[in-house]
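Chemist: UniProt numbering numbers the first residue of the sequence shown as 1 and each following residue consecutively. No residue lacks a Cβ here, since even glycine has one placed at the ideal position from N, Cα and C. Model, not experiment: these values are computed from the prediction.
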Amino acid sequence: METIPAGPNDVKKERLAKWKQKKQERDRLLRNNNGTTSKTQQDMQLNNSDASNANKMAERRKKLELWRQKKMQQDSLKSKQDVIGSGLLKTSRKSKVLNVKGTEEQQQGLSRRINKVLRKKIGKVKSVFEESDDEVEAPKLKLFKPGTEENTDPSPVAEEEDTLDVYMRGLKADSSKNALSATDIFEQEPDEHLSFDANRTESMSESEYMRLAKMKAKKQLRMVQYSEEELEPFVKNLYQEPDEIRSMSEEEVADLRLALDNTTVKGVGCPRPIMKWSHLGLSSDIMYQLERELHFSVPTPIQAQAIPAIMSGKDVIGISKTGSGKTVSFLLPLLRQIKVQRPLSPDETGPIGLLLAPTRELAMQIHEEVVKFTAKTPGLRSICCTGGSELKKQISDIKRGMEIVVATPGRFIDLLSLNGGKLVNPRRIVFVVMDEADRLFDLGFEPQINQIMKCIRPDKQCVLFSATFPAKLKSFASKILTKPVYITINSKSLINGNIKQKVEIFGNEEDKFKSLLHWLAEVEDQHPQSENKTIVFVSSQQICDILYNRLEAFRSPIFAIHAGKPSNERAWNLQSFKETKNGILLCTEVLSRGLNVPEVSLVILYNAAKSFAQYVHTTGRTARGNNTGTALTMLMNTELAGAYILMKSMRDEELAEHHIATVSKLRQMSDEFNEGLKTGKYRIIKGFGGKGLDHLDKVNEEKYKEQNKELGIEATRIAEHKTPIPETVEDIHGITIPRLEYTVEKSTNPDTSSTYFAYVQINDLPQLVRWEATKYTTLSSIKHETGCSITNKGRFYPNGQGPQSTEDEPKLYLLVESTSDKDISLAIELLEAKVKEGVRKSNMQEIRSTKYTI
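Take a look at the structure:
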């Protein structure tokens with residue numbers, strides 16, 4: 001007969017029956033003993049009961065241990081999958097830091113990483129059974145240190161210590177003892193405003209924590225101290241002067257420079273100009289490209305003088321009109337220098353040559369010229385790195401090694417800061433070019449360029465090129481160039497002689513737009529079969545968009561480019577304009593530099609230029625090379641500054657071709673502006689009108705003054721004080737700025753040249769202002785920029801006191817000495833700027849001290 005297994009209810013009934021039976025036996029024993037039991041019998045019964053309970057607890061512990069082992073195996077498999085899936089990349093990077101090589105060692109490093117994560121997870125597992133007092137210890141994993149024996153220390157400290165952390169701490173300790181090397185060019189400073197919550201980070205994963213830590217850290221380029229052992233020597237002078245040039249007399253050289261468009265040279269050791277390409281000793285491929293493809297039968301004036309100077313190892317500042325071949329002037333020496341350098345090793349990314357440009361379009365234009373010369377030359381690779389472009393692809397290309405990098409300053413700093421400064425190593429850079437250097441300065445790139453130059457070897461060769469060279473750029477160039485040679489081509493007329501200048505004057509915008517349509521249609525009708533492109537420059541993005549919408553129905557294709565458009569759209573429109581026959585380009589000043597499209601025959605300035613530099617560069621987009629072109633300015637009758645610039649720039653024969661009424665109106669507007677310059681009513685913009693820091697300060701200051709005049713704030717303030725403002729005080733932003741009192745004297749010594757002295761009185765300045773103007777950093781910076789000698793003289797006298805006799809020391813003053821009166825004036829101007837800064841600090845301190853005064 002088959003046995004039916006007992007169910008849960010049957011088991012309970014059986015247990016209940018046994019319990020009742022035991023209870024009846026205990027009750028019977030108690031009744032037999034009259035309700036009492038001996039102590040010995042009770043102990044025996046209790047012992048039997050405890051033994052039974054102990055057996056049950058042992059069985060439960062055994063089952064619990066089996067469950068925990070099974071749970072640990074499941075967690076282990078799950079943790080390995082998570083670590084392999086999400087931490088493989090991070091582990092591989094750390095294995096590179098530890099120099100782990102080979103498949104077996106990489107697997108060991110990955111295993112140690114996984115074990116560490118497992119220890120953290122197992123340590124957090126808590127028992128779910130309250131009855132158990134025993135704790136199951138996590139399996140102890142042995143640590144492995146590269147280059148040492150296995151660690152047999154089972155102590156908890158050894159288990160918690162991570163090998164990677166120990167190694168990284170050792171690196172930090174070594175780096176703090178040793179001097180800064182060429183690769184340690186970055187320091188990370190935590191942001192004091194961004195802090196981590198300790199309670200919150202406990203629940204974070206390690207990868208998330210590291211990601212946030214990197215995002216909340218600032219990276220700042222640090223100056224690199226190169227030692228002589230780190231730097232590979234290189235030869236700067238690669239120029240051999242041909243016998244034909246060496247045999248020329250000084251008079252013949254002077255006549256040659258005069259024939260080369262009135263070339264002027266300043267500096268020591270500048271070689272003589274060349275007359276043909278064969279004097280440079282170029283290869284046959286480059287000679288063929290210059291003469292057959294670029295149609296440079298003979299060197300242009302800037303090329304004839306600048307290329308020998310650069311090849312001889314000199315730092316050069318080249319100033320020449322637009323379209324004169326400045327790009328070739330620095331590309332040929334750059335390629336020559338790279339070819340004689342040691343090739344990049346597999347572990348070097350380069351570059352050897354660096355070219356900096358102010359805008360994306362100019363950088364792309366330069367890179368196109370570089371590609372033309374390097375396409376047929378093996379071993380010369382180049383890349384263009386600009387803001388707004390894909391950074392991931394640039395990083396991938398640079399990792400393969402690049403001899404030439406063309407970049408904007410901001411993007412190159414980004415590349416320098418990647419991977420702790422190991423992606424781009426400036427150790428190999430020996431040649432630096434800054435094209436359109438004045439625009440770099442005017443756009444406010446001076447701090448970025450200074451940071452870049454501090455990371456490059458000090459014996460590098462550096463050249464600057466531009467069509468204009470304002471006075472402010474002289475101080476900027478003196479900081480980064482070493483004994484430069486100044487080469488200026490036709491300094492009296494910077495407008496290209498192949499450009500025909502025209503002007504039209506209008507009374508309203510509608511007439512001007514109709515004239516624009518007439519000119520565009522005339523160009524298309526006169527040259528329907530030939531290639532003639534047109535560029536229209538406007539002053540703002542809004543005007544550019546408005547004109548584009550109104551001209552969409554025009555017959556010829558029209559493209560628009562300005563800084564408000566995405567970089568890919570700008571690049572596409574520019575490329576389409578170059579490839580489209582008789583295309584029309586609407587753009588702002590962003591394309592006024594470096595754009596080289598030889599087919600451009602007409603440039604229209606729809607809005608008049610506001611500075612000479614702007615007019616030179618915008619008109620220079622036509623008549624590239626040996627071509628001719630026309631530059632038309634559409635002038636409103638209220639644009640007096642534009643009329644003044646045109647009268648200074650246009651030649652007499654060009655004015656004679658215009659209508660008498662137009663010339664008369666133009667001259668009248670120019671004379672009115674000239675009178676305003678003398679009285680201070682008008683002023684001409686010296687810079688390019690960019691976004692430099694100095695330019696922004698001036699613009700904000702002018703806006704502030706205009707608002708105050710409109711609201712009548714100045715008159716109110718004067719009335720409240722009831723005290724006339726003294727003549728020695730200038731009111732700026734409502735703050736009184738004391739003017740420096742100084743006298744300039746000239747001393748002539750028969751044995752030496754003339755010397756100029758300036759005595760600047762500083763005794764009566766406020767204390768904080770005096771400290772700001774005479775502290776060591778201020779005086780040293782002024783000495784560096786001007787070359788003047790500045791000395792503190794006299795002693796300080798309190799207010800109302802002074803020297804009582806001729807034997808007493810005079811009041812505190814600064815003695816400024818120099819051989820040039822211009823340097824004296826510049827030094828005093830810089831001192832006045834420091835006085836202004838000190839006054840502002842003094843006012844801020846006064847505001848803080850009286851903020852809560854009742």
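Mind checking who residue 612 pairs with in its DSSP beta bridge?
Modeler: None; residue 612 has no bridge partner.
Chemist: With residue 631 and residue 502 assumed to form a contact (beta carbons below 8 Å), what rounded beta-carbon distance in angstroms separates them?
Modeler: The beta-carbon distance between residue 631 and residue 502, rounded to whole angstroms, is 7 Å. This is short enough to meet the 8 Å contact definition.
Chemist: By the three-class DSSP mapping on this structure, what secondary structure does residue 516 have?
Modeler: helix
Chemist: What residue from 584, 570, 572, 533 has the CA that sits closest to residue 548's CA?
Modeler: That would be 584, whose Cα lies nearest to the Cα of residue 548.
Chemist: Are residue 794 and residue 813 touching if we call contact CB-CB under 8 Å?
Modeler: yes
Chemist: Give the DSSP-derived three-state secondary structure of residue 500 in the structure shown.
Modeler: In this structure, residue 500 counts as strand in the three-state DSSP scheme.
Chemist: Are there 16 or more other CB atoms within 10 angstroms of the CB of residue 323, so buried, or fewer, so exposed?
Modeler: buried
Chemist: With a threshold of 6 Å on Cβ separation, who are the neighbours of residue 910 within its own chain once the five nearest residues in sequence on each side are excluded?
Modeler: Look at the range of the chain in this structure, 1 to 854, and you will see that residue 910 is not part of it.
Chemist: How is residue 342 classed by DSSP in three states: helix, strand or coil?
Modeler: Residue 342: coil per DSSP, three-state reduction.
Chemist: Rounding to the nearest angstrom, what Cα-Cα distance links residue 604 and residue 575 in this structure?
Modeler: 20 Å
Chemist: Restricting to runs no shorter than 3 residues, where is the beta strand (DSSP E) found entirely within the segment 220-269?
Modeler: 263-266
Chemist: Provide the residue span of the alpha helix (DSSP H) that contains residue 645, from first to last.
Modeler: 640-649
Chemist: Would you call the CB atoms of residue 629 and residue 489 closer than 8 Å?
Modeler: no
Chemist: Let me know the secondary structure DSSP gives residue 31 once reduced to three states.
Modeler: Residue 31 falls in the helix class under three-state DSSP.
Chemist: Short of 8 Å in beta carbon distance, which residues of its chain neighbour residue 256, apart from the five on each side in sequence? Order them along the chain.
Modeler: 248, 272, 273, 275
Chemist: Let's test the definition: count the other Cβ atoms within 10 Å of the Cβ of residue 590 and tell me whether it reaches 16, buried, or not, exposed.
Modeler: buried
Chemist: How is residue 758 classed by DSSP in three states: helix, strand or coil?
Modeler: strand
Chemist: Please state the DSSP three-state secondary structure of residue 882.
Modeler: Given that the chain is displayed from residue 1 to residue 854, the structure contains no residue 882 and the question cannot be resolved.
Chemist: Measuring alpha carbon to alpha carbon, tell me which residue in 786, 581, 649 is nearest residue 857.
Modeler: Because residue 857 is not part of the residues shown, which for the chain are 1 to 854, the question remains open.
Chemist: Using the beta-carbon count (16 or more within 10 Å), is residue 542 buried or exposed?
Modeler: exposed
Chemist: Taking the C-alpha atoms as reference points, what is the distance between residue 68 and residue 566?
Modeler: 59 Å
Chemist: My assumption, with CB atoms under 8 Å, is that residue 383 sits in contact with residue 398. Please give the rounded CB distance.
Modeler: 7 Å
Chemist: Find the nearest neighbour of residue 442 within the set 292, 474, 759, 355, judged by alpha-carbon distance.
Modeler: Per the Cα distances, 474.
Chemist: Under the three-state reduction of DSSP, which class applies to residue 313: helix, strand or coil?
Modeler: Of the three classes helix, strand and coil, the one that applies to residue 313 here is coil, per DSSP.
Chemist: Taking residue 488 as part of the beta strand (DSSP E), name the residues at either end of that continuous run.
Modeler: It spans 485-489 - the beta strand (DSSP E) in which residue 488 sits, taken as one unbroken run.
Chemist: When the Cα of residue 344 is compared with those of 370, 425, 270, which residue comes out closest?
Modeler: 425
Chemist: Taking the C-alpha atoms as reference points, what is the distance between residue 440 and residue 625?
Modeler: 24 Å
Chemist: Note the first and the last residue of the continuous alpha helix (DSSP H) segment covering residue 774.
Modeler: Residues 767-774.
Chemist: Does the contact criterion of 3 or more C-beta pairs under 8 Å hold for the segment 812-831 versus the segment 779-798?
Modeler: yes
Chemist: When burial is assigned at 16 or more other CB atoms within 10 Å of the CB, is residue 305 buried or exposed?
Modeler: buried
Chemist: Under the assumption that residue 237 contacts residue 312 (Cβ atoms under 8 Å), give the Cβ distance between them as a whole number of angstroms.
Modeler: 5 Å
Chemist: From what residue to what residue does the beta strand (DSSP E) around residue 453 run?
Modeler: Segment 446-455 is the alpha helix (DSSP H) holding residue 453; no beta strand (DSSP E) there.
Chemist: Could you spell out where the beta strand (DSSP E) holding residue 629 opens and where it closes?
Modeler: Looking at the DSSP string, the run of the beta strand (DSSP E) that includes residue 629 is 629-636.
Chemist: Given residue 368, which residues of its chain have a CB within under 7 Å of its CB, disregarding the five upstream and five downstream residues?
Modeler: none
Chemist: Can you have a look at residue 798 and say buried or exposed, based on whether 16 or more other CB atoms are within 10 angstroms of its CB?
Modeler: exposed
Chemist: To the nearest angstrom, report how far apart residue 400 and residue 294 are at their CA atoms.
Modeler: 30 Å
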